[in-house]
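So the sequence shown is numbered by our numbering: it starts at 4 and just counts up by one.
We put the beta carbon where it would ideally sit given N, CA and C, even for glycine.
A short worksheet on the structure shown next.
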Amino acid sequence: MIKFLLLFLIPVVSFADAKVIMVKYMNTPWGHVHQNSSRYSASLTTVSCGHPLKVLELNNKGWTKVIAGPYTGFVQENNLVSKKPECLQDKYPRFFDDLKLEITQMYYWGKLYDQYVEGKSRLK
4 MIKFLLLFLI
14 PVVSFADAKV
24 IMVKYMNTPW
34 GHVHQNSSRY
44 SASLTTVSCG
54 HPLKVLELNN
64 KGWTKVIAGP
74 YTGFVQENNL
84 VSKKPECLQD
94 KYPRFFDDLK
104 LEITQMYYWG
114 KLYDQYVEGK
124 SRLK
């Protein structure tokens, strides 16, 4: 009986140890929560624009440690905003419903958004 209780209480205790600093929202149409702070690391889950993410750590070389549902991982800082953004999915729900995107398609769109590099070119 004790082994049974320990098996189910240990994940709850480790989750309770995590201190949530704030809540931020995904700013891109689709994005990924990564296992490590690298755009090439394994994806734990795909999230859509406006999805709330609980922030655990900031300033990790452009990455933020977050909790998304049962997953704890990393999201690129430039994909997060403090206030819930006005998302195309919310603004035009019929359009997005008619696209009938499957989860694998959302996954690949999220991977594409992970590869975008925003900023100014240093070339002249």
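Exposure of F98, with buried meaning 16 or more beta-carbon neighbours within 10 Å: exposed
G34 in three-state terms, based on DSSP: strand
Which of helix, strand or coil DSSP assigns to Y116: helix
Residue closest to C52, alpha-carbon to alpha-carbon, out of Y116, Y74, S40, E60: Y116
Under 8 Å between C-beta atoms of P32 and L91: yes
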